[in-house]
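This report refers to the structure that appears directly beneath it.
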Amino acid sequence: MADFDIASKERDGMGPHGTNVGLLRVLGPAHVWALGVGIVLVGEYMGWNFAVGKGGAYAALVACWFAGILYTCVAMIDSEVTSTVAAAGGQYTQAKHIVGPLMAFNVGLYLVFAYTMLEAANAITAGYLISEVARLSGFEGTLDQRPFIILSIMFLAWLNYRGVLATLTFNLVITAIAFTAIIILFLSTTGIVGTSIMQHADLMSGSAALPYGWIGVLAAMHFGLWYYLGIEGTTQAAEEVRSPARALPFGTLAGIMTLLIAATLTWYVCTGLIPWEFLGDGLNGSVAPLFTAALLTNSQPLVWLLGVGTLFATLASANGCINDASRAWFSLGRDKYLPGWFGAVHPTFRTPYRSIVFLVPIALAFALKAPLDQVVTFSILSGLLNYTFMPLNMIMFRKKWPMGSITRGYEHPFHPLPSIVLLLLCAITFFAVFLGYGTQLVAMIAFYIVASLWFHFWRYRFVNRASQFTMPWPRPKGY
Amino acid sequence: MAHYVAPKQGKLSQLFDVVVLMALTFGALYIPMFLGLAGGVKTVPEGAGQTWEAMGQNAAQIAQYNALGFTDPAAVSDIINARYDYSFSMTALLVMVVIIVAYYVLMLKFSETEYREVIAEKFDK
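Chains as they are written, first to last, in this note's numbering: chain A, 1 to 479; chain B, 1001 to 1125.
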């Protein structure tokens, strides 16, 4: 067994890469939870309802639970690999050590684009919400949402620039408020406190039950991912947590449990109040379904609470996305997969400041110019490609370093069952995306193929070979 | 094995690499949009009804639309009538399967070659 303690404090920040200043190890399990749930909880506040549009309300529930199984597998796999490969970059760093450089480059791009697109979607929703608040407050005319979109992203980027502890403590507070808002809405509308106003039987009767039949259930898996997309982002904190072996599995698994509860409650409340066609149209109908549900309660406190919840969820998600995208971009730069200029750490704030600043205009370009469903699909596709890589990565990890050959922070049970289930659910989701959004799927894969050729035949020449492998592990079995 | 020494990359070359990557990124999102190929194929059937009854809405559904401020059914008829078209050709599906599988095979094959080089340089001392 290799002489390596995963919880060692000597491996601080960029130490393994030979630089003087590294990222700070200041985070605990609660911050990991806040990062994971903070990124994802907005999926309950907006975006998941496109699944209702693709298959109807029941289809969205089936998608919610099957996507829940998919993400439980993701969380189990992530908990084992990340608690062992404890470095920034998350799945990118895992791929670099386990599969190989080209796969790692692709995974790095999946992460950056999944999070940057999600950040753009959050900013779009924040802009919409503020325009709704203006409308409800009596403003007549059309409010220009662009200044609010720009300000949201700029503020959060500034927060990220200044330090990770404040950034994720802020996330912890606003995520907890947004989650509590969902619980309060559920308790207030379902008869647990007061009278129930749920109308599932009437709103989901007849053709509203399964408007597209069973193919709609398959199609709904596409946006079913949105309930949980981003929980895998907890891995990006690996280099900044005080105890990777404890904080990462605990934060990630507690996060997926929180999201399974939040997703189911959200589905129950929204489908019991909003007609499925309106709920399923996230562009012209219900952009922020929990907020729409609150409007239908005729309760001003609930409207305000869910308004605040939606705003906080979008901010928490954008905040976490800036954190994660910048860590992934920074890691790519640090290994010279991208220009090394991006691999710098701020001498005072100990954050990957150049990567944080560089990604701001890209997120803005997408937030200001692209429609919400396109941005969401772009993010989902990048996430889906990443989830398809994860079971392959897991199987290779156990094969190259069998149990007992290295110290693992966490060992997930039932291997290889989670990997097989994850692969199967990814195949179903690819088909779901193909139903209605096939062009984007092909465009996205074409992009990754061209980028891969560029990396393999050009960019890789700037990468030192052995220095990419930074973990103190023994030689992989079979090599 | 001989130790590979990566060439030092100039600032201009670094900038060029970033521009290439950004051009590819924006191309992947915007080219399908400019060509009108992006987005879900959700369409409103010709001659679709414009009244609550013709759109198959029951009393509970109408009440919720009214509560949302839509008392005129025509205002939400596009939302209610729009449907995805899930018909597809097996050829298109097979093409997509081949593209996805080929992509992962390409990734794993090229990665394996590069990975062996990394491991050899790291451990063969």
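Don't be surprised by glycine CBs; every beta carbon is placed ideally from N, CA and C. The structure presented is a predicted model; accordingly, all values stated were derived computationally and were not measured.
Legend entry - Test item: CB-CB of Ser188 of chain A and Leu118 of chain A under 9 angstroms: no
Inset, instruction - State yes or no: is the beta carbon of Asp1072 of chain B nearer than 9 angstroms to at least one beta carbon in chain A? - result: no
Inset, instruction - Tell whether a beta-carbon distance below 9 angstroms holds between Arg327 of chain A and Pro352 of chain A. - result: yes
Inset, instruction - Note down the Cα distance separating Asp12 of chain A from Ile39 of chain A, rounded to an integer number of angstroms. - result: Any reading at Asp12 of chain A must be qualified, since the residue scores a pLDDT of 38, below 50, and its modelled position is unreliable; no value is offered.
Legend entry - the ligand SAH heavy atom lying under 8 angstroms from the CB of Phe342 of chain A: Absent from the structure shown: the ligand SAH. Ligands present: none.
Legend entry - Minimum Cβ-Cβ distance from Glu1053 of chain B to chain A less than 9 angstroms: no
Inset, instruction - Please list, in chain order, all residues of the same chain as Leu423 of chain A whose beta carbon is under 6 angstroms from its beta carbon, the five residues on each side excluded. - result: Pro391
Legend entry - Alpha-carbon spacing of Trp401 of chain A relative to His97 of chain A, whole angstroms: 11 angstroms
Legend entry - Close beta carbons around His200 of chain A, own chain, < 7 angstroms, minus the five adjacent residues each side: Thr271, Gly272
Inset, instruction - Would you mind sorting Pro418 of chain A into buried or exposed? The rule is 16 or more other CB atoms within 10 Å of its CB. - result: buried
Inset, instruction - Residues of the stretch 1087-1101 of chain B with a CB closer than 9 angstroms to any CB of chain A: list them in chain order, please. - result: Phe1088, Ala1092, Leu1093, Val1095, Met1096, Val1097, Ile1099, Ile1100
Inset, instruction - With DSSP as the reference, label Arg11 of chain A as helix, strand or coil. - result: With a pLDDT of only 40 at Arg11 of chain A, under the threshold of 50, the placement of this residue in the model should not be trusted, and no figure is reported.
Inset, instruction - Below 6 angstroms CB to CB, which residues in the same chain sit around Ser379 of chain A once its five sequence neighbours on both sides are set aside? - result: Ala114, Met117, Leu118
Legend entry - Selection of the stretch 107-136 of chain A by Cβ proximity to chain B, strictly under 8 angstroms: Phe113
Legend entry - Within chain B, the residues that Tyr448 of chain A reaches when beta carbons sit closer than 8 angstroms: Tyr1103
Legend entry - 4 or more residues per run - each alpha helix (DSSP H) lying fully within the stretch 62-140 of chain A: 91-98, 101-136
Inset, instruction - Kindly indicate if chain B contains any beta-carbon less than 9 angstroms away from that of Asp144 of chain A. - result: no
Inset, instruction - For Arg461 of chain A, go through chain B and note every residue whose CB falls closer than 7 angstroms to its CB, in chain order. - result: Ala1006, Pro1007
Inset, instruction - Examine chain B for any beta-carbon lying closer than 9 angstroms to the beta-carbon of Arg350 of chain A, and answer yes or no. - result: no
Inset, instruction - Please work out which residues of its chain come closer than 8 angstroms, Cβ to Cβ, to Gly436 of chain A, disregarding the five sequence neighbours upstream and downstream, and give them in chain order. - result: Lys54, Ala219, His222
Legend entry - Assigned secondary structure, Arg461 of chain A (DSSP; H/G/I helix, E/B strand, else coil): helix
Legend entry - Cross-chain neighbours of Asn1058 of chain B in chain A, by beta carbon under 8 angstroms: Asp202, Ser205, Gly206
Legend entry - Residue-level contact to chain B via CB, Arg465 of chain A, 9 angstroms cutoff: yes
Inset, instruction - For Val164 of chain A, name the three-state secondary structure that DSSP assigns. - result: helix
Inset, instruction - Below 9 angstroms between beta carbons is the criterion; list the residues of the stretch 311-343 of chain A that meet it against any residue of chain B, in chain order. - result: Lys336, Leu338, Pro339, Gly340, Trp341, Phe342
Legend entry - Neighbouring residues, chain A, relative to Ser1111 of chain B (Cβ below 7 angstroms): Val99, Gly100, Pro101, Leu102, Met103
Inset, instruction - Could you list which residues in chain B have their beta carbon closer than 9 angstroms to that of Leu424 of chain A, in chain order? - result: Neighbours of Leu424 of chain A on chain B: none; closest Cβ ~14 angstroms, over 9 angstroms.
Inset, instruction - Give a yes or no on whether 9 angstroms exceeds the smallest Cβ distance from Ala1082 of chain B to chain A. - result: yes
Inset, instruction - Assign Thr235 of chain A to one of two classes, buried (16 or more other C-beta atoms within 10 Å of its C-beta) or exposed (fewer than that). - result: buried
Legend entry - Phe50 of chain A vs Gly282 of chain A beta-carbon contact at 9 angstroms: yes
Inset, instruction - Give the interface partners of Glu1046 of chain B over in chain A, defined as CB-CB distance under 7 angstroms, in chain order. - result: Per Cβ cutoff of 7 angstroms: no residues; Glu1046 of chain B is ~18 angstroms from chain A at best.
Legend entry - Any 3 or more C-beta pairs closer than 8 angstroms across the stretch 240-258 of chain A and the stretch 398-414 of chain A: yes
Inset, instruction - State yes or no: is the beta carbon of Phe1034 of chain B nearer than 9 angstroms to at least one beta carbon in chain A? - result: no
Inset, instruction - Would you mind stating whether Met471 of chain A and Val85 of chain A have Cβ atoms separated by less than 9 angstroms? - result: yes
Legend entry - Closer than 9 angstroms to chain B by CB, Leu306 of chain A: no
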